[in-house]
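One structure is given here, and the rest of the page talks about it.
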Amino acid sequence: MDRAYHRYDEAYTRPRRKANLFVWTIAILLLIGLAMGAWLGSYYIFSQPERPDSYRILKKLHKIEQPKRFQLTAAPPGEFLAPKQLFERYGAMHSAELARTNAELARNFIRNYQQVAGLVPYVVGRFTLVGARELGSDDLFTSGMVTLTDAVDFGEVLMEHVYPADPQTVPLMKQTLLRGLEIKLERTHDLSVVVHAEKLNDGRVLITTVPLLYGSYTVTQGRGSFSLEPPLDLNMAAGWPLFKDDERKTAEASRGQVVMAARSKTEIPGITTSGIGPNATPAVAANELIRVEQAAPVETPTPTPAPRIAEKLALTAKGRKLAKGEKASPTPSAVANKPAVTSTPAGIAAASTAPRANVSGTSSSPAVAVAAPNAPAIPPANPDSTLASTAGGGSWKTYPPGKMPVGRLINPADLGDVADHGLAGERVYLRGQFVVNFAEANRAVLRPKNKLTDTVLHFGAPSLTRIVVEFPAGYTPPAQGSVVTRDEARPYEITEVRKQSDGQLNVFVREIMQ
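With the first letter of the sequence shown counted as 1, position 209 gets the number 227 in this note's numbering; the numbers rise by one all the way through.
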């Protein structure tokens, strides 16, 4: 078509508009800002779960795991700090540094110590319970109890120890966690981790701790025990510490009134009371809170077959004649009736019945528990012979008097040597005379009964040995205050012996007699 004839005609399509670059620039910038805000917000939420709003969002997104129960051998690596060391570390921090440290401590606890930089701080030492109260929905830990304690050796440190537990356990905990109770934390079997530190107005430091083992606890003079459970949820909006200023001051004031009343009754002019005064030594606690745990199973030694002496003698008698003057060897039946000495510790212990001489030169009684002739030196493996928990309520094999497997028999005076060297894979039995401190359904706490001479020589000092006895299901423990006598025919079987830093021996045994 010739364009010259149609140059004045309008085009069929509409003219093209120019793009509005300004609007597109604004839209792209808004999208970039939205992406940056989402990225920064997610980083803020995931990197700081200790903040209340972050914890609430992560909980709704199911990105928060429940605090888990750690085993003693699989706990996060850490350092054990005494009260003085805690004060030197957290008391010297400025407010900003302490806030940053507290955020890191709470963050590690919420993450179950999966991303920890450095060592986890654990608390060791002796503490006296000042006050206790039940936890509720308005607290950071919503179920259980929390105790307020002060350090025995360093009064500048207070510790609130959290005991998370199910609601049905709280009534028993209220009867157990009473004012004046001593709480001893040791590095051998306690893992109470620091989750918060607070500097008080008077210069002291308040430490918040949680036991990562969530074990079972009982007291040396009292009834009942309670078990802890990891918390299902945390109310981070409640804030730290759990004992607010008013509650803490009220607990300390009531405790001070009780102490002053007790001192006024016991102080005598001219006589210094133990544990009071600048140079006085701390008094021995009348009641302590102790943790009971699953006892380690005793490894049964592998039996070593004894040489077949009877068969060798029989072959020798058939193959040759006796020489002149040679004595006749015992008959196979006579040799078979003799007990064979094996190379296992149990066999050696059964054969060595001669008394051993001690350092002073006097002979001691044989420390051997010999079973009946028809009882094997090493019992066969039996699923019913596994050790039960020291928390009570177990089932294991029991024996008639004198029919238990062969093992080493010791007295309470020999428990220190067992604590230093261990059980060494052999069965060890305990005999002696004991006094029952307290008893409940499946457990009792005993102490060795001191003789009159020992009481006079030690000026009435309490025994440093505590025996925790576990009874099988259906057994009736002895009554509190009664005296129990166990001899070589009816001993207790020792499962574990733990020695504390102050010399206290915690001996875990079980009843194996029918």
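Glycine residues also receive a C-beta, built at the ideal position from the N, C-alpha and C atoms. Only a predicted model underlies this, so the values are computations on that prediction, with no experimental measurement involved.
Around the Cβ of residue 519, are there at least 16 other Cβ atoms within 10 angstroms (buried) or fewer (exposed)? Indexing the sequence shown from 1 puts residue 519 at position 501. With fewer than 16 other Cβ atoms within 10 Å, it is exposed.
Is the segment 117-124 close to the segment 170-180, with three or more CB pairs under 8 Å? no
Leaving out the 5 sequence neighbours to the left and right, which residues in its chain are closer than 6 Å to residue 149 when beta-carbon positions are compared? On the sequence shown, residue 149 is found 131 positions in, with the first residue counted as 1. Contacts found: 166, 269.
Would you kindly work out how many angstroms separate the C-alpha atoms of residue 517 and residue 75, rounded to a whole number? Numbered from 1 along the sequence shown, position 499 holds the residue referred to as residue 517. Numbered from 1 along the sequence shown, position 57 holds the residue referred to as residue 75. Straight-line Cα distance between these residues: approximately 47 Å.
Sub-7 Å separation of residue 211 and residue 223 beta-carbons: As a working mapping, residue 211 is identified with position 193 in the sequence shown. As a working mapping, residue 223 is identified with position 205 in the sequence shown. Taking 7 Å as the Cβ cut-off, residue 211 and residue 223 do not qualify as a contacting pair.
In the DSSP assignment, what residue or residues form a beta bridge with residue 308? The residue you call residue 308 lines up with position 290 of the sequence shown. Residue 308 is bridged to 236.
Alpha carbon to alpha carbon, how far is residue 138 from residue 113? Give it in angstroms, no decimals. Within the sequence shown, the letter at position 95 stands for residue 113. Within the sequence shown, the letter at position 120 stands for residue 138. If you take the alpha carbons of residue 113 and residue 138, they lie about 21 Å apart.
Kindly give me the distance between the Cβ atoms of residue 209 and residue 195, rounded to whole angstroms, as I take these residues to be in contact under 8 Å. The residue you call residue 209 lines up with position 191 of the sequence shown. The residue you call residue 195 lines up with position 177 of the sequence shown. The Cβ separation is near 19 Å, so there is no contact.
Residue burial classification, residue 118 (beta-carbon count within 10 angstroms, cutoff 16): Stepping through the sequence shown from its first residue, residue 118 is reached at position 100. So residue 118 counts as exposed.
According to DSSP, residue 243 sits in a beta bridge with which residue or residues? Here residue 243 refers to the residue found at position 225 when the sequence shown is read from its first residue. According to DSSP, which records beta bridges pairwise, residue 243 is partnered with 236.
If residue 419 sits next to residue 531, beta carbons under 8 Å apart, how far is it from one beta carbon to the other, in whole angstroms? Taking the sequence shown and counting its residues from 1, the one referred to as residue 419 is at position 401. Taking the sequence shown and counting its residues from 1, the one referred to as residue 531 is at position 513. Confirmed, about 6 Å.
Contacting residues, own chain, Cβ-Cβ under 8 Å from residue 39 (five flanking each side not counted): Here residue 39 refers to the residue found at position 21 of the sequence shown. Closer than 8 Å at Cβ, skipping near neighbours: no residue.
Taking the straight line between their C-alpha atoms, what separation do you get for residue 73 and residue 160? Stepping through the sequence shown from its first residue, residue 73 is reached at position 55. Stepping through the sequence shown from its first residue, residue 160 is reached at position 142. One C-alpha to the other measures close to 15 Å.
State the Cα-Cα distance for the pair residue 379 and residue 105, rounded to the nearest angstrom. On the sequence shown, residue 379 is found 361 positions in, with the first residue counted as 1. On the sequence shown, residue 105 is found 87 positions in, with the first residue counted as 1. Its pLDDT being 38, under 50, residue 379 is placed unreliably by the model, and the measurement read from it follows with that caveat. C-alpha separation (whole angstroms): 51 Å.
Under the three-state reduction of DSSP, which class applies to residue 231: helix, strand or coil? Position 213 of the sequence shown, counting from 1, holds the residue named residue 231. Coil.
Quick check on DSSP: helix, strand or coil for residue 36? Within the sequence shown, residue 36 is the residue found at index 18, counting from 1. If DSSP states are grouped into helix, strand and coil, residue 36 belongs with coil.
Do you know offhand how far residue 154's Cα is from residue 264's? One-based indexing of the sequence shown puts residue 154 at position 136. One-based indexing of the sequence shown puts residue 264 at position 246. Whole-angstrom Cα-Cα distance: 17 Å.
Return the chain-ordered list of same chain residues with a C-beta closer than 7 Å to the C-beta of residue 7, the five sequence neighbours on each side being excluded. Only positions 19 to 532 of the chain appear in this structure, which leaves residue 7 out of reach.
On the premise that residue 85 lies in contact with residue 249, defined as a C-beta separation below 8 Å, what is that separation, rounded to the nearest angstrom? As a first step, residue 249 must be located in the sequence shown, where it is residue number 231. As a first step, residue 85 must be located in the sequence shown, where it is residue number 67. Their Cβ separation, rounded to whole angstroms, is 6 Å, which keeps residue 249 and residue 85 in contact under 8 Å.
Between the Cα of residue 266 and the Cα atoms of 238, 176, 93, 198, which residue gives the shortest distance? Walking along the sequence shown from the start, residue 266 turns up at place 248. Residue 266 has its Cα closest to that of 176, out of 238, 176, 93, 198.
So, is residue 588 buried or exposed, given that buried needs 16 or more other C-beta atoms within 10 angstroms? Since the first and last residues shown for the chain are 19 and 532, residue 588 lies out of range.
Three-state class that DSSP yields for residue 336 in the structure shown: The residue labelled residue 336 in the question sits at position 318 within the sequence shown. Low confidence applies to residue 336: its pLDDT is 45, below 50, so where it sits in the model is not reliable, and the reading given next is rough at best. DSSP places residue 336 in helix when its eight states are reduced to three.
Let me make sure I understand the geometry here. Which of 58, 243, 505, 237 has the alpha-carbon closest to that of residue 449? Looking up residue 449 in the sequence shown gives position 431. Checking every option, the nearest Cα to that of residue 449 belongs to 505.
Check residue 455 in the structure and name its three-state DSSP category. Your numbering for residue 455 matches position 437 in the sequence shown. It is a strand residue.
Could you tell me the distance, in whole angstroms, from the CA atom of residue 496 to the CA atom of residue 487? The residue given as residue 496 occupies position 478 in the sequence shown. The residue given as residue 487 occupies position 469 in the sequence shown. Taking the straight line joining both Cα atoms gives about 11 Å.
Run the CB neighbour count on residue 87, radius 10 Å, all protein chains shown included, and call it buried at 16 or more, exposed below. As a first step, residue 87 must be located in the sequence shown, where it is residue number 69. Classification for residue 87: exposed.
Need the endpoints of the beta strand (DSSP E) that residue 511 sits in, please. Taking the first residue of the sequence shown as position 1, residue 511 is located at position 493. Its beta strand (DSSP E) spans residues 510-517.
Excluding the 5 residues flanking residue 256 on each side, which residues of the same chain have their C-beta closer than 8 Å to its C-beta? What you label residue 256 is simply residue 238 of the sequence shown in a count that begins at 1. Here the set comprises 156, 157, 158.
Selection from 142, 111, 51 that minimises the alpha carbon distance to residue 96: Locating residue 96 in the sequence shown gives position 78, counting from the first residue. Nearest of 142, 111, 51 to residue 96, Cα basis: 142.
Taking all protein chains shown into account, decide if residue 184 is buried (16 or more other Cβ within 10 angstroms of its Cβ) or exposed. Working through the sequence shown from its first residue, we reach residue 184 at position 166. With fewer than 16 Cβ atoms within 10 Å of its Cβ, residue 184 is classed as exposed.
How long is the line joining the alpha carbons of residue 251 and residue 455, rounded to whole angstroms? Locating residue 251 in the sequence shown gives position 233, where the first residue counts as 1. Locating residue 455 in the sequence shown gives position 437, where the first residue counts as 1. Their Cα atoms are separated by approximately 38 Å.
So, for residue 416: in the same chain, excluding its five sequence neighbours on each side, which residues have a beta-carbon less than 8 Å away from its beta-carbon? As a position in the sequence shown, residue 416 is number 398, starting the count at 1. Cβ within range, chain order: 490, 529, 530, 531, 532.
Excluding five sequence neighbours on each side, which residues of the same chain lie with their C-beta closer than 7 Å to the C-beta of residue 214? Taking the sequence shown and counting its residues from 1, the one referred to as residue 214 is at position 196. Excluding sequence neighbours, residue 214 sits near 120, 123, 124, 226, 258, 259.
Taking the alpha carbon of residue 68 as the point to measure from, which residue in 57, 521, 82 has its own alpha carbon closest? Position 50 of the sequence shown holds residue 68. The shortest Cα separation from residue 68 among 57, 521, 82 belongs to 82.
Under the three-state reduction of DSSP, which class applies to residue 255: helix, strand or coil? The residue you call residue 255 lines up with position 237 of the sequence shown. The answer is helix: DSSP assigns residue 255 an H, G or I state.
Could you work out which residue in 197, 447, 236 is closest to residue 422 when comparing CA atoms only? Numbered from 1 along the sequence shown, position 404 holds the residue referred to as residue 422. Checked all of 197, 447, 236; the closest Cα to residue 422 is 447.
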